[in-house]
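J.: Submitted below is the structure of interest, expressed as structure tokens.
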Amino acid sequence: MISESFEYHVPKTIEEALGMIGEFGDESKVLAGGHSLLPMMKLRLASPKHLIDIGRIGALRYIRESEGQLELGALTTHFEIESSSLLKSKCPLLPETAREIGDVQVCNRGTLGGSLVHADPAADWPAAMLAVEAEMVARGPHGERKIRARDFFVDLMATALQSDELLTAIRVSPLPARTGDAYLKLHHPASGFAVVGVAVRLTLAESGSIGEARVGVTGVGAKPYRAEETERLLAGKSPTAKRLEEAAAHAADGVDANSDLYASGDYRKHLAAVYARRAIQRAAERAAGR
Amino acid sequence: MRIQVKVNGTAFESDVEPRLLLVHYLRDVLDLTGTHIGCETSLCGACTVLVNGHAVKSCTLLAVQANGAEITTIEGLASDGKLHPLQQGFWEEHGLQCGFCTPGMILAAHQLLSRNPHPTEAEIRKGLEGNLCRCTGYQHIVKAVQYAAEKAATGGQ
Ligand SMILES: Cc1cc2nc3c(=O)[nH]c(=O)nc-3n(C[C@H](O)[C@H](O)[C@H](O)COP(=O)(O)OP(=O)(O)OC[C@H]3O[C@@H](n4cnc5c(N)ncnc54)[C@H](O)[C@@H]3O)c2cc1C
Ligand code: FES
Ligand code: FES
């Protein structure tokens, strides 16, 4: 299976890449890890005339802590996130999510930025990004701007990133005190993607009741979302099993759920409630242990 | 485009079309047909090779993306006519039947043992998740990897 022919470009810097995107416009595609784009090109679902391989831009590949925030370059691979000791101690939700993605070979190549821009409705990262309120850093011809995770995912395979912009970095805040997080998903038995995936970051108040809970859901609808009704029902409550279950039952309220051969829309909504309950429970236990 | 790669320790320089996949470069240009093509859709792992020490599915990588890289294929594992411990393990523990998945299995297992020299059975299964076998039922493949891990631990080659 061979793609259509294209011209191949290898920018060394972000500026050079932006120049090429500006020059070739709609006829071009950016290549990161290539684990979503190359399969599409081989099936000829995408046939860019110019392929701009940003994979060698070292300035896009890092994990660091600066000004109290954690920052990941867009090219950071799933494996680099899974094995980062900085993230394991400061934002364990990210390594926990990376571990659930695809297989070893996919994790060696696939990048966080590529997954977010591709915005597959069954991708794992979006749930985690919503739960930690990540901030996406985009660079375009007019400079840099930041996009909140909840504004980033616009629709099925559509994001707030403009076609002349590069996603350069993802910023997340480290785990605060008395806070726990968790990501749980039902793997599609063939593809390994999320039939439904739920990421939670939950903070307990001094009193032991729930201060704030953020619940990100992927796989259910066309785009990932925050389960706002669930979050509202959790705030201020003591984390008893019954309360968590009542709140989790609303994890897919108002969502137009996807149906396919494997899972009907109703089943997906049911799964959202079940996985939300389990993920909230786990995050609450972890919060209590900190 | 002109690319330079080192495959199993030997340097090669070739002119390739940008759309040429790494697996076709290895098989058709360099004549290294030990790397197999199964699904062509990134799912089966038969095409797994190491690129700069990382296991990748070479049907999902352009040859030009590997420019400058060091690549290891199944042909590069044995040295001085002696099988690599993983190859020995597959031999001794009957880790293969038709053998189609074996080169990819062995390179994925190679990645696993380089990151985790003493994997549990569950870790072996997780490490080989990206590789499908239609024959063995995986049981003997797991044993083959355990054999190799043990062999490496006791220093036997
Ligand atoms: C067998 C297999 C199993 C998988 N299983 C899972 C799974 O279980 N869960 C899951 O979430 N994912 C899974 N994936 C998808 C995988 O995580 C991809 O790697 C990821 O979705 C895309 O990242 P990439 O770096 O490969 O992006 P690419 O394929 O290189 O690019 C994807 C898209 O994003 C654009 N792009 C990439 N980087 C940037 C950037 N910095 N700025 C602007 N645009 C950019 C590209 O132009 C392209 O449109 C799987 C993939 C395969 C092949
Ligand atoms: S041929 Fe590459 S994964 Fe199947
Ligand atoms: S031995 Fe035949 S596919 Fe694995």
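In order, the protein sequence lines correspond to chains A and B. So the mapping is simple: this note's numbering equals the position in the first sequence, first residue as 1, plus 1023. So the mapping is simple: this note's numbering equals the position in the second sequence, first residue as 1, plus 39. Glycine included, every Cβ here is placed at the ideal spot set by N, Cα and C.
1) Output needed for residue 196(B): all residues of its chain with C-beta closer than 6 Å, excluding positions within five of it in sequence on either side, in chain order.
2) Less than 8 Å between the CB of residue 1127(A) and some heavy atom of ligand 2, yes or no?
3) Are the stretch 52-62 of chain B and the stretch 1222-1231 of chain A touching, with three or more C-beta to C-beta distances below 8 Å?
4) Compare the Cα-Cα distances from residue 192(B) to each of 176(B), 158(B) and 120(B) and report the closest residue.
5) Comparing the C-beta of residue 144(B) with each C-beta of chain A, is any distance below 9 Å?
6) Can you find the residues in the same chain that come closer than 6 Å, C-beta to C-beta, to residue 59(B), ignoring five residues on each side of it along the sequence?
7) List, in chain order, every chain A residue whose beta-carbon is nearer than 8 Å to that of residue 45(B).
8) Quick check on residue 1277(A): does DSSP put it in helix, strand or coil?
9) Could you tell me if residue 1254(A) is buried or exposed, where buried requires 16 or more neighbouring beta carbons within 10 angstroms of its beta carbon?
10) Can you give me the start and stop residues for the alpha helix (DSSP H) that residue 185(B) sits inside?
11) Mapping DSSP to helix, strand and coil, what is residue 1290(A)?
12) List, from N- to C-terminal side, the alpha helix (DSSP H) runs of 4 residues or more that fit wholly inside the stretch 1200-1275 of chain A.
13) Could you tell me which of 1113(A), 1303(A) and 1280(A) sits nearest to residue 1288(A), measuring between CA atoms?
14) Measure from the C-beta of residue 100(B) to each C-beta in chain A and report whether the shortest distance is under 9 Å.
15) In the DSSP assignment, find the beta strand (DSSP E) that holds residue 1058(A) and state where it starts and stops.
16) Determine, using beta carbons only, whether residue 56(B) comes closer than 9 Å to chain A.
17) Would you identify the three-state DSSP class for residue 165(B), choosing helix, strand or coil?
18) Verify the CB distance criterion: does residue 160(B) have a CB-CB separation below 9 Å to chain A?
19) Run the proximity test for residue 166(B): is its beta-carbon closer than 8 Å to any non-hydrogen atom belonging to ligand 3?
20) Using a cut-off of 8 Å between C-beta atoms, extract the partners of residue 1078(A) located in chain B.
21) Determine the direct distance from the alpha carbon of residue 1270(A) to that of residue 1141(A), and round the result to whole angstroms.
22) Once the 5 residues before and after residue 1144(A) are set aside, which same chain residues still bring their CB inside 8 Å of it?
23) Could you tell me whether any Cβ in chain A is nearer than 9 Å to the Cβ of residue 74(B)?
24) Using a threshold of 9 Å, state whether the C-beta atoms of residue 1158(A) and residue 1104(A) are closer than that.
25) Let me know if residue 1177(A) comes out buried or exposed under the rule of 16 or more other beta-carbons within 10 Å of its beta-carbon.
26) Does any residue of chain A have a CB that is nearer than 9 Å to the CB of residue 59(B)?
27) Can you list, in chain order, every residue whose CB sits closer than 7 Å to a heavy atom of ligand 5?
28) Between which two residues does the alpha helix (DSSP H) holding residue 126(B) run?
29) Given residue 1101(A), which residues of its chain have a CB within under 6 Å of its CB, disregarding the five upstream and five downstream residues?
30) In this structure, what does DSSP give as the bridge partners for residue 1178(A)?
31) Give me, in chain order, the residues of the same chain whose beta-carbon lies closer than 6 Å to that of residue 1286(A); leave out the 5 immediate sequence neighbours on both sides.
T.: According to the structure data:
1) Low per-residue confidence applies at residue 196(B): pLDDT is 47, beneath 50, and the placement is therefore not dependable enough to give any value.
2) no
3) no
4) 158(B)
5) no
6) 102
7) In chain order: nothing, as chain A lies at least about 17 Å away.
8) coil
9) buried
10) 178-192
11) helix
12) 1251-1257 and 1264-1271
13) 1280(A)
14) yes
15) It is not in any beta strand (DSSP E) - residue 1058(A) carries neither H nor E in the DSSP assignment.
16) yes
17) helix
18) no
19) no
20) 104
21) 31 Å
22) 1179, 1180, 1241, 1242, 1244, 1245, 1246, 1247 and 1281
23) no
24) no
25) exposed
26) yes
27) Ligands present in the displayed structure are limited to ligand 1, ligand 2 and ligand 3, and ligand 5 is not among them.
28) 124-131
29) 1121, 1124, 1130 and 1133
30) 1181(A)
31) 1218
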